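Numbering (the working numbering), first residue to last: 12 to 137.
Here is the structure:
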């Protein structure tokens, strides 16, 4: 029922033949947008990724709390793993797992960040 999209996802398991995609987090405005969208698409498509140079051009480079919680929510939604996930980290690796329905919780710390978390997690949730 519902069909789901897991049948069309790449097999992103280690040794499963899907190449890790490298994303340069400093391109364009170098903010959190590339981080959120890359994470969401990674989970949706089942493609592992490494995001480096996160917010490199900013006065406070690296992951802020709302970026970290967005990626952790995507990790949870995809049943995957996330490495180097700490505030200030300038590089993270997301290994998505199989998408499955469930209840998910995240607290970005500020109300303004909630919509940004939804932006990251909505593609794999649909």
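All residues carry an ideal CB built from backbone N, CA and C; glycine is no exception.
Keep in mind it's a predicted model, so treat the numbers as computed, not measured.
Buried versus exposed, by CB contacts within 10 Å (16 or more), residue i
{"i": "residue 38", "result": "exposed"}
{"i": "residue 76", "result": "exposed"}
{"i": "residue 45", "result": "buried"}
{"i": "residue 131", "result": "buried"}
{"i": "residue 122", "result": "exposed"}
{"i": "residue 17", "result": "Unreliable placement is indicated for residue 17, whose pLDDT of 44 sits below 50; no coordinate value is reported for it."}
Inter-residue spacing [alpha-carbon to alpha-carbon] between residue i and residue j
{"i": "residue 85", "j": "residue 63", "result": "17 Å"}
{"i": "residue 81", "j": "residue 120", "result": "11 Å"}
{"i": "residue 128", "j": "residue 94", "result": "19 Å"}
{"i": "residue 88", "j": "residue 105", "result": "12 Å"}
{"i": "residue 98", "j": "residue 42", "result": "15 Å"}
{"i": "residue 40", "j": "residue 56", "result": "25 Å"}
{"i": "residue 51", "j": "residue 69", "result": "22 Å"}
{"i": "residue 58", "j": "residue 137", "result": "17 Å"}
{"i": "residue 31", "j": "residue 118", "result": "28 Å"}
{"i": "residue 74", "j": "residue 54", "result": "19 Å"}
Paired residues, beta bridge with residue i - DSSP
{"i": "residue 138", "result": "Residue 138 is absent from the model: the chain starts at 12 and stops at 137."}
{"i": "residue 92", "result": "106"}
Residue of the options minimising C-alpha distance to residue i
{"i": "residue 138", "options": "122, 107 and 65", "result": "Shown here, the chain extends from 12 to 137; a query on residue 138 therefore has no answer."}
{"i": "residue 79", "options": "113, 124, 133 and 115", "result": "124"}
{"i": "residue 126", "options": "102, 47 and 114", "result": "47"}
{"i": "residue 72", "options": "59, 91, 36 and 56", "result": "36"}
{"i": "residue 116", "options": "66, 83 and 70", "result": "83"}
{"i": "residue 60", "options": "102, 90, 110 and 114", "result": "102"}
{"i": "residue 90", "options": "100, 74, 67 and 111", "result": "111"}
{"i": "residue 66", "options": "92, 54 and 34", "result": "34"}
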